[in-house]
Each structure stands twice: as structure tokens, then as C-alpha cells.
Amino acid sequence: MFPYQDPNPHAGLSAAEPTAPPHRCVMTQDVKDAVAHLLATHLPGPPVATILQDKLASVRCMEPPHETGFAVPDRTVVYMVSGGGAQTVRLTLEAPSTVVAGHVSVLTPLGATLLGMTRLQRAPLPRADGTVATLVVLGVSDT
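If you count by the working numbering, then the sequence shown holds residues -2 to 140, one letter each, in order.
Written out as C-alpha cells, the structure is:
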């Protein structure tokens, strides 16, 4: 799979367009290991497996405190999808079936896409209907 760079991030994309990790995908080694373990044990289907595999293959690992500002589990992420309103979620390593309201698992298309992103970064977000939207991270915090 080759990296996809959206020439028009606000236009709708077809489902045939490949997904790719956003530039500057960063996480700690322990988060990378945990995501790899989740990927191996939960066997998510496409597009989640593809997104996570691409991110794990291209991630830049950093150690605390240098990795602050990146969307990793147990951080709150404010994001927007294709010009919609701002939304806030807490990223988690939990399986989607055990996630509580206000949290999103990295084993979902949204969680997998958010993983490793930073403020003002954009990435393609696969939708259930087969289209691809543009996701923009507006902020990341520890609270």
C-alpha cells in the first residue's frame, strides 16, 4: 500500500483510496507494543487493521515527556470531521465492546485514525457507508 496524500482535504474521497498514517505519527514504545498486541489478539477487519498496521510500520517512538501533544490512549482528543462541529473523546486501548460513553477504542476507524496524531493534523477517516471523510485534530490534552 502506498501513502495517500489528499490534494483536497475537504472533498469526499472514494472508498478505493488507500488510507495512510498521518505524517508525524508518534507514540511511546509501550503504546506501540500494546496496539500491536491488540491488533494480533482482536483481529480487527479492514479498514482498522490497515490503518493500525500502517501506523505501526511508520510510527516514530518517543519517550515521556517528549511525546506530549500526541493522541495516545488515556488522552482527550478534540477533533472535527469534514467541516462538522468539534467533538471530544478519550482514546482508549479497550476493546470496542467494553468502551464507555465519551471514550473511543483504537480498534475503531475513528480511534485508529486518531492514534498518534497531533493538533491541526489531517487524515482520511473511513466511514461505514464506504466514503472517506477528512478528520482534523483540534487539540490533545492529558485531562
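From the three backbone atoms N, C-alpha and C, an ideal C-beta is built for every residue, glycine too.
It should be emphasised that the depicted structure is a prediction, and the values quoted were computed from it without experimental measurement.
Check: Extent of the continuous beta strand (DSSP E) run through residue 136; Outcome: 129 to 138
Check: Any 3 or more C-beta pairs closer than 8 Å across the region 84 to 93 and the region 46 to 63; Outcome: no
Check: Under the three-state DSSP convention, the category residue 40 falls into; Outcome: coil
Check: Endpoints, the beta strand (DSSP E) within which residue 122 is located; Outcome: 119 to 123
Check: Under the three-state DSSP convention, the category residue 18 falls into; Outcome: Residue confidence for residue 18 is low, a pLDDT of 41 falling below 50, so the modelled location carries little weight; the figure read from the coordinates is stated next. Looking at residue 18 - three-state DSSP - the assignment turns out to be coil, as it is neither helix nor strand.
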